[in-house]
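Here the structure is laid out as structure tokens; the discussion comes afterwards.
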Ligand SMILES: Nc1ncnc2c1ncn2[C@@H]1O[C@H](COP(=O)(O)OP(=O)(O)O)[C@@H](O)[C@H]1O
Ligand SMILES: [Mg+2]
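Chains as they are written, first to last, in the working numbering: chain A, 1 to 235; chain B, 1001 to 1732; chain C, 2001 to 2089; chain D, 3001 to 3089.
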């Protein structure tokens, strides 16, 4: 499978995503420049973390208008698998490709640590084959990761199985203390209705080698390789 | 025309120095020339007071690829790979505007690293503040920590280690030292040496504003808050990230002959340094410099310290390619001048000549001062105090004293700070902050890793600058050794008070001597550094603080160990048995004193202990190691225990060497000792190894799952309670 | 062209329904400093935009377009725009 | 006590001479979207503070004190305060 990793001005998770795919997943991968207008030749896209345009207005707000985003949007509409990580989540949310908005962490400070997340549905391109309830230990590193939707929207997301990951304790139990940023209903990751676009705050691409403290991120990155992805996302 | 005292104060030159300028030039300097002399001959750029002292440092060694003198030092770790690193202060700006001061400090040191062609892979910081009880200090602390994280996180460089210390001496003058480490292909190191008459001088990055004018001179005077008049620099980490990527890409071409970032004294120092180190001249036209503000004159353009700018010397035929790369990264670049053959720095403002001075006048002719130091009688008296004349701690009070120490701001957990720094980005961090005594960062594409740590116990340096200087080097190296790495080189930042005071000069001179002797003994040459003098407020100097940053090499990354012991482990103390409460955190906490002689330091023993621990780790005989620093043995043991574990300790074998005193035994401090944790099956082999290495080794306890710390069959304390105290120290 | 430069001020604030931890933190900070008369604080953004336009109305309208597309996230934020009377050419 | 609640608005902006990276990025973002009529953007903070005071003047003066001590960083920022006419009891 051939992955593309989009670099915006200020992206800084692009290098990790490239390494994780190449070294961890051992798949083909290439960078995609924000001024490009095509994503032809890629089977899956990663919108990586970082501080696109310095996050100076709102995280992701300026990047969503980059030339490449039109091609990304088309790719999404055709059912192509897209993973937005951290700042990538923010870009996708600003672009309307992922639901919700991301606000400043409730404790107002940047938070870098390992957290536990629970898989809520295996129906998406990046959770395909994972049993709901599976606990993954992943690093987070963000200052604006408080996922927010209104109660009505939350019900809507629940109903359509668009909640993909929730923060939890190490055993997979709900625990408000395990929610690192005050996100609505401890949501860590969501998807679009179809399930081909997945966006999350934790960093699977930094967890691809036990030497770095864990390799459970590979389960997310690798989910898209499993057979049945097309069926799962109705491509 | 006679120059006014006022005008001289503006550029921080003495009348004698001014006369030297006139004599060199054979005429009165023009206004811009005078400003440039002021900046280049400031302590900050010219090292007037420190240059003769720095000659004491060992700067060469088999691994040294680039010693002091460039933007950063470089050491060889094999396979053609170099590690570029340097530490720098941003003390004065941080006193005035903590967030931006610290942020731009990080920005500056990162530029130093990528200017060498190295990709930055790790950041460290060494911080000193007054007491957190004061709201002003709290504000400075929050701002500084926020600025370091804000800038480094945005750049995507992990902040992996550092050290923080609080003492009232820093209340009016906090210290903010930032260190950056990068990786470079040894054959592709770029230097700030202009060459090739006719080559073009390109300025790239931010537009030039009035910010930070006289920053270099301002860093060379006392009382930062009062003396500051310039416009505060506001950092733009986003722009720096673009500059970083673009510069590294531009260096992949064959078109660049030299690169120099704009730091203190802005264009002035970068142009002068490029010309002087290349033995060429440079001519630029300030009208070609894009400004952020209208109405700036040549003087302001030359002395502006606007951040995120880089000077690149490019071959004419390569200009188009180079600019295309900058354009691709949305960076603005201007060709502002060219390299000339006459050795002069020539600054034009359109047709008008503003400066025409041999580059060497600014650099080689900078005056230096060797002064006479005198030890302060007050400090000599404090050192002479016999700490063993104090009443010993009673056994009933051990628990309280331990809790108080665990919660002390100088010892407690750094977690609230460290969590605000991105330390997992770049996917190289093997031992993050808090996991080990030093951070371990792997070198992608190899089996190797480096270990890095900053350190300095300023109390020791205050009480005895020579011994304290040795301690700073030994402790930073020891921390690195505790991960299994072999320390290979160091960088340092000399934060002192005014060298013009005999007491201040004494501290500087003695501390540098101690550092130099330790660095020589430990075979860790000094490859880079920075000097920050005049750290005073209200006529009181800060504690002398020669911060040391050490880089160590681990050949096989899989052997690296942290400091967490596992259940069933035997705890052994390698090295020094005897400790003192002289200059200790305990003495400060319990008796409110900074007094007594700091621990002695036997460099031979230090070398043997570090080598022993490195060897034991490399042969996988121990799974955790931790040095005992502030707080002593007991604190160190608790730091090795996960909350669910407990430990049964027996220090009886150390009692006699500590005069039978409980305070020395439990809370005394000492150099050259490391606690190691090993499986019981390894103990015999370790004893043999220690004996061969001539290192004392004593069993001091066992790790169990009781959740209780049990000491010498007398005192029991729940570990979780101690962890609560430990976790509480920096919280509001 | 008859265009003039207008100084347009944009005030962006979070909608009532959205939690504002920053405002709460500022309020608590003020209370700690003894400003007990403060009941609440809401934190938002203030942008000064220099816009070339043919009339104040046009400046206002174009700035509203900027807000809708980029400056504000209207899912959670609301904005207000003021065009300064005094325009420079 | 005769105290009323006033809605006080505080506008904090960077001083003219201070570098404003945020404003620069927003300006460039607007240009990329075709808003070429924008000459410059300066980014600041907007606070709505509910203050109990005996008079609008007092509300104004106390808020200025808050700005000097906490809300604004007067080393790099300047501020403006407006007290809304309409006060609630
Ligand atoms: N300012 C800082 N930034 C990042 N990490 C820090 C900082 N200060 C301390 N640390 C980390 O906290 C841990 C404890 O530091 P310290 O108390 O200085 O250790 P020691 O006294 O054993 O040398 C280390 O992992 C260190 O790297
Ligand atoms: Mg310590």
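Quick reminder that beta carbons are idealized off the backbone N, C-alpha and C, glycines included.
Predicted model, so just to flag it, every value in this text is computed and none were measured.
*Run through DSSP, which three-state label would residue 1342/B get?*
Position 342 of the second chain, counted from the start, is the residue given in the question as residue 1342/B. Residue 1342/B falls in the coil class under three-state DSSP.
*Going along chain A, which residues have a C-beta under 8 Å from residue 2025/C?*
Numbered from its first residue, the third chain carries residue 2025/C at position 25. Those within 8 Å of residue 2025/C in chain A are 108.
*What does residue 3021/D reach in chain B if we use C-beta pairs closer than 7 Å?*
Counting from 1 along the fourth chain, the entry for residue 3021/D is found at position 21. Those are 1234, 1236, 1238, 1239, listed as they occur along chain B.
*Note down, in chain order, all residues in the segment 1193 to 1219 of chain B with a beta-carbon under 8 Å from any beta-carbon belonging to chain D.*
1206, 1209, 1210, 1211
*Who are residue 2047/C's beta bridge partners in DSSP?*
Locating residue 2047/C in the third chain gives position 47, where the first residue counts as 1. DSSP output for residue 2047/C lists 2010/C, 3043/D as bridge partner(s).
*Spell out whether any CB of chain B is found under 8 Å from the CB atom of residue 3076/D.*
Counted from its first residue, the fourth chain places residue 3076/D at position 76. Yes, its Cβ sits closer than 8 Å to a Cβ of chain B.
*Contacts of residue 2018/C in chain A (Cβ-Cβ under 8 Å)*: What you label residue 2018/C is simply residue 18 of the third chain in a count that begins at 1. Under the 8 Å cutoff, chain A gives 103, 148.
*If we ignore side chains and look at the alpha-carbon of each, how far apart do residue 1486/B and residue 1544/B end up?*
Residue numbering aside, residue 1486/B sits at position 486 when the second chain is read from its first letter. Residue numbering aside, residue 1544/B sits at position 544 when the second chain is read from its first letter. Taking the straight line from one Cα to the other gives about 28 Å.
*Does the distance from the CB of residue 1635/B to the CB of residue 1411/B come in under 8 Å?*
Locating residue 1635/B in the second chain gives position 635, where the first residue counts as 1. Locating residue 1411/B in the second chain gives position 411, where the first residue counts as 1. Cβ atoms of residue 1635/B and residue 1411/B: closer than 8 Å.
_Please classify residue 230/A as buried or exposed, where buried requires at least 16 neighbouring CB atoms within 10 angstroms._
On the first chain, position 230 is the one that residue 230/A refers to. The residue in question, residue 230/A, is exposed, as its Cβ has fewer than 16 Cβ neighbours within 10 Å.
*What's the C-alpha gap between residue 1185/B and residue 1449/B?*
Indexing the second chain from 1 puts residue 1185/B at position 185. Indexing the second chain from 1 puts residue 1449/B at position 449. Cα-Cα distance, rounded: 16 Å.
_8 Å Cβ cutoff met for residue 29/A and residue 128/A_ = Residue numbering aside, residue 29/A sits at position 29 when the first chain is read from its first letter. Residue numbering aside, residue 128/A sits at position 128 when the first chain is read from its first letter. Contact: no.
*Go to residue 1607/B, then tell me how far its alpha helix (DSSP H) extends in each direction, as first and last residue.*
Here residue 1607/B refers to the residue found at position 607 when the second chain is read from its first residue. Residues 1603 to 1618.
*Beta-bridge partners of residue 1179/B, as assigned by DSSP*: Position 179 of the second chain, counted from the first residue, corresponds to residue 1179/B. Its beta-bridge partners are 1087/B, 1124/B.
*Under 8 Å (Cβ pairs) to chain B, residues found in the segment 187 to 215 of chain A*: 203, 205, 206, 208, 209, 211, 212, 213
_For residue 1726/B, three-class secondary structure by DSSP_ = Within the second chain, the letter at position 726 stands for residue 1726/B. Three-state result, residue 1726/B: helix.
*Mapping DSSP to helix, strand and coil, what is residue 3066/D?*
Here residue 3066/D corresponds to residue number 66 of the fourth chain, with the count starting at 1. Residue 3066/D falls in the helix class under three-state DSSP.
*Would the beta-carbon of residue 1162/B be found less than 7 Å away from any heavy atom of ligand 3?*
This structure lacks ligand 3; its bound ligands are ligand 1 and ligand 2.
_Quick check on DSSP: helix, strand or coil for residue 1190/B?_
In the second chain, counting from the first residue as 1, residue 1190/B sits at position 190. Coil at residue 1190/B, not helix or strand.
_Could you compute how far the alpha carbon of residue 1365/B sits from the alpha carbon of residue 1098/B?_
Locating residue 1365/B in the second chain gives position 365, counting from the first residue. Locating residue 1098/B in the second chain gives position 98, counting from the first residue. Whole-angstrom Cα-Cα distance: 35 Å.
*Kindly indicate which three-state DSSP category residue 2089/C falls into: helix, strand or coil?*
Here residue 2089/C refers to the residue found at position 89 when the third chain is read from its first residue. Annotation note: pLDDT 45 at residue 2089/C (below 50); position unreliable, coordinate value reported separately. Coil.
*Run down chain B in chain order and give the residues with a C-beta less than 8 Å from the C-beta of residue 36/A.*
Locating residue 36/A in the first chain gives position 36, where the first residue counts as 1. Ordered by position in chain B, no residue passes the 8 Å Cβ test against residue 36/A, which lies about 12 Å from the chain.
_Tell me which residue opens and which closes the beta strand (DSSP E) that residue 1165/B is part of._
Within the second chain, numbered from 1, the residue matching residue 1165/B stands at position 165. Per DSSP, residue 1165/B belongs to the beta strand (DSSP E) from 1159 to 1166.
*Could you pull the start and end residues of the alpha helix (DSSP H) that residue 1471/B belongs to?*
If you number the second chain from 1, residue 1471/B lands on position 471. 1465 to 1481 is the extent of the alpha helix (DSSP H) around residue 1471/B.
*Closer than 8 Å, CB to CB, is residue 3070/D near chain C or not?*
Position 70 of the fourth chain holds residue 3070/D. By this cut-off, residue 3070/D is an interface position.
*Within 10 angstroms of the Cβ of residue 2076/C, are there 16 or more other Cβ atoms? Answer buried if so, exposed if not.*
One-based indexing of the third chain puts residue 2076/C at position 76. Result: buried.
*Would DSSP call residue 1630/B helix, strand or coil?*
In the second chain, the residue the question calls residue 1630/B occupies position 630. DSSP places residue 1630/B in coil when its eight states are reduced to three.
*asked:* If the criterion is Cβ atoms closer than 8 Å, does the pair residue 1700/B and residue 1667/B meet it?
replied: Position 700 of the second chain holds residue 1700/B. Position 667 of the second chain holds residue 1667/B. No. Outside cutoff.
*Would you say residue 3073/D reaches chain A, if we count a Cβ-Cβ gap shorter than 8 Å as a contact?*
Within the fourth chain, the letter at position 73 stands for residue 3073/D. Not one chain A Cβ lies under 8 Å of residue 3073/D.
*Relative to the C-alpha of residue 1479/B, which residue among 1491/B, 1494/B, 1451/B is closest?*
Taking the first residue of the second chain as position 1, residue 1479/B is located at position 479. Residue 1451/B is the option with its Cα nearest to residue 1479/B.
*Report all residues from its chain with a CB closer than 6 Å to the CB of residue 1599/B; omit the five preceding and five following residues, and keep chain order.*
Translated into the one-based positions of the second chain, residue 1599/B becomes position 599. If we look at residue 1599/B and ignore the five residues flanking it on each side, its Cβ neighbours are 1580, 1669, 1670, 1671.
_Applying the 10 Å Cβ sphere with the 16-neighbour rule, what's the burial state of residue 3089/D?_
Position 89 of the fourth chain, counting from 1, holds the residue named residue 3089/D. The predicted position of residue 3089/D is uncertain, since its pLDDT is 44 and thus under 50; a value taken from the coordinates is nonetheless stated next. Burial call: exposed.
_Extent of the continuous beta strand (DSSP E) to which residue 1716/B belongs_ = Counting from one through the second chain, the residue named residue 1716/B turns up at place 716. Looking at the DSSP string, the run of the beta strand (DSSP E) that includes residue 1716/B is 1715 to 1718.
*asked:* Is the separation between the beta-carbon of residue 1036/B and that of residue 1253/B shorter than 8 Å?
replied: Translated into the one-based positions of the second chain, residue 1036/B becomes position 36. Translated into the one-based positions of the second chain, residue 1253/B becomes position 253. Cβ atoms of residue 1036/B and residue 1253/B: not closer than 8 Å.
_For residue 1322/B, the three-state DSSP class (helix, strand or coil)_ = Residue mapping note: residue 1322/B aligns to position 322 of the second chain, counting from 1. Looking at residue 1322/B - three-state DSSP - the assignment turns out to be helix.
_Could you tell me the alpha carbon to alpha carbon distance between residue 1317/B and residue 1199/B, rounded to whole angstroms?_
Along the second chain, one-based indexing puts residue 1317/B at 317. Along the second chain, one-based indexing puts residue 1199/B at 199. Computed Cα separation, rounded: 9 Å.
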